[in-house]
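J.: Following this message is one structure expressed as structure tokens.
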Amino acid sequence: LHHQQRRWLSQEACTADGIRMEVAANIAHAVESQPAFSNGAESVGLFRTEMLYMDRLSAPSENELYHQFCQALDAAKGRSIIVRTMDIGGDKPVEYLNIPAENNPFLGYRAVRIYQEYAALFSTQLRAILRASAHGSLKIMIPMISSMEEILWIKEKLADAKQQLRDERIPFDESIPLGIMLEVPSVMFIIDQCCEEIDFFSIGSNDLTQYLLAVDRDNAKVTRHYNSLNPAFLRALDYAVQAVHRHGKWIGLCGELGAKGSVLPLLVGLGLDEISMGSPAILATKARLAQLDSAACRQLLQQAMACRTSLEVEHLLAQFRMSHE
Ligand code: PEP
Ligand code: MG
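full-length UniProt numbering numbers the first residue of the sequence shown as 361 and each following residue consecutively.
Structure follows, in structure tokens:
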């Protein structure tokens, strides 16, 4: 380990001028929690639970899920873990659910959209999360939200699950925070209303790029168009962060963009509360963050948003890097 980076194993991340930005880990299984915290993660910003459902013959039981979340919380030692409810269906097939193949899986039957039909599966997951919430700082996050109807439905189901546990005298965190992924563009235009109903947001830059630019994130033929440095995308991010912060709510980012060192100044410029990434990128990100000045980053973001092309933004970032790092 580089000597300069070692101190960031335990230190909180902040910019050179002392602006905090939490650096968190993305995990897909409880066993990844311990290594994430040993690698300097300040929290888990995204626990992708779909892996727990895939490549097996039947769904995990409530107890199996409960033990997963408890195990992750054990390693967290009081730090928080954002559990994202199952993002399955569509391009992430699960055999025992018998969801037919689709022409447009990314626009199809996936994530929150399948919860109504698979109500028992969803309620089992909610109960497991709630039960585990008695043992640490857990937060619930819902993927692929695109409308207020979905948020209201989720809140109803969460209230039902809480009532079941109360009736069964099973302890849980009554004020467990509820958040949504900001990854479908329509949510950008209902942020004010969302802030009345939920506690936090996390930008899924992988899907938000795909949906905002109408570019399949897995199609090699169009990768040229899949560019998160597109000025239109940067303006969308800035709009979202400002809107959420006007309501005093919390907004992080958990797509792959968070691990790109060259983009970090833009993420600082946005004023995000947290960025979450694969564990291997955490230390370098904290070290790089400490070199950055938040006012310079804000100015850089303004310039990037005024660019006409992604290429111009790339040049701007390269220039910034040469003069600031
Ligand atoms: C995203 O869309 O950016 C995200 C973090 O979720 P996933 O990559 O699992 O779709
Ligand atoms: Mg996504």
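For every residue, glycine included, the Cβ atom is placed at its ideal position computed from N, Cα and C.
Enumerated in chain order, which unbroken segments of the beta strand (DSSP E) with a length of 3 residues or greater are wholly contained in the segment 466–510?
T.: 498–502
J.: According to DSSP, simplified to helix, strand and coil, what is L643?
T.: Three-state DSSP puts L643 in a helix.
J.: Cutting at 6 Å between CB atoms, please list the residues of its own chain near L597, excluding the five before and the five after it.
T.: L630
J.: Please name the residue in S483, V601, E557 whose C-alpha comes closest to that of S565.
T.: Among S483, V601, E557, the Cα nearest to that of S565 is on V601.
J.: Just mark A570 as buried or exposed, buried being the case when its beta carbon has 16 or more other beta carbons within 10 Å.
T.: The displayed chain sequence assigns Gln, not Ala, to residue 570. By the neighbour-count rule (16 or more Cβ atoms within 10 Å), Q570 is buried.
J.: Pick helix, strand or coil for N423, following the three-state DSSP scheme.
T.: helix
J.: Can you tell me whether A436 is buried or exposed, with buried defined as 16 or more other CB within 10 angstroms of its CB?
T.: That one is buried.
J.: Please enumerate, following chain order, all residues with a beta carbon closer than 5 Å to at least one heavy atom belonging to the ligand MG.
T.: E543, G564, D567
J.: Among L660, L425, S588, S506, which residue has its Cα nearest to the Cα of R491?
T.: L425
J.: Contact defined as beta carbons within less than 8 Å: I believe F593 pairs with L613. What is the distance between those atoms, to the nearest angstrom?
T.: With a Cβ gap of about 12 Å, F593 and L613 do not count as contacting.
J.: How about S562 and I540: are their beta carbons less than 9 Å apart?
T.: Taking 9 Å as the Cβ cut-off, S562 and I540 qualify as a contacting pair.
J.: For the beta strand (DSSP E) containing E382, name the first residue and the last one.
T.: 382–387
J.: Determine the burial state of G615: buried for a count of at least 16 other Cβ atoms within 10 Å of its Cβ, exposed for fewer.
T.: buried
J.: In whole angstroms, what is the alpha-carbon distance linking L676 and N464?
T.: 36 Å
J.: Hey, R416 and Y456: beta-carbon distance below 9 Å or not?
T.: yes
J.: Using the beta-carbon count (16 or more within 10 Å), is D552 buried or exposed?
T.: exposed
J.: In angstroms with no decimal places, state the Cα-to-Cα distance between residue 359 and L525.
T.: What the structure shows of the chain is the stretch from 361 to 685, and residue 359 is not part of that stretch, so it cannot be assessed.
J.: I387: which of W513, R367, A432 sits nearest, CA to CA?
T.: A432
J.: Return the CA-CA distance between L512 and D527, expressed in angstroms with no decimal places.
T.: 23 Å
J.: For a test of the three-state rule: what should DSSP assign to S562, helix, strand or coil?
T.: Correct three-state label for S562: strand.
J.: Just the C-alpha distance for D633 and L538, rounded to the nearest angstrom, thanks.
T.: 16 Å
J.: If we ignore side chains and look at the alpha-carbon of each, how far apart do S506 and H363 end up?
T.: 45 Å
J.: Could you check if E634 belongs to the surroundings of the ligand PEP, using beta carbon to heavy atom distance under 8 Å?
T.: no
J.: In whole angstroms, what is the alpha-carbon distance linking K522 and R681?
T.: 49 Å
J.: Alpha carbon to alpha carbon, how far is A471 from S683?
T.: 43 Å
J.: Sorted by chain position, which residues of the same chain lie with C-beta nearer than 6 Å to P531's C-beta, five sequence neighbours on each side aside?
T.: A494
J.: At which residues does the alpha helix (DSSP H) containing S398 begin and terminate?
T.: 393–398
J.: Whose C-alpha, out of V628, C657, V673, Q651, is nearest the C-alpha of E382?
T.: V628
J.: Compare the C-alpha of G400 against each of Q365, A480, R473 and name the closest.
T.: Q365
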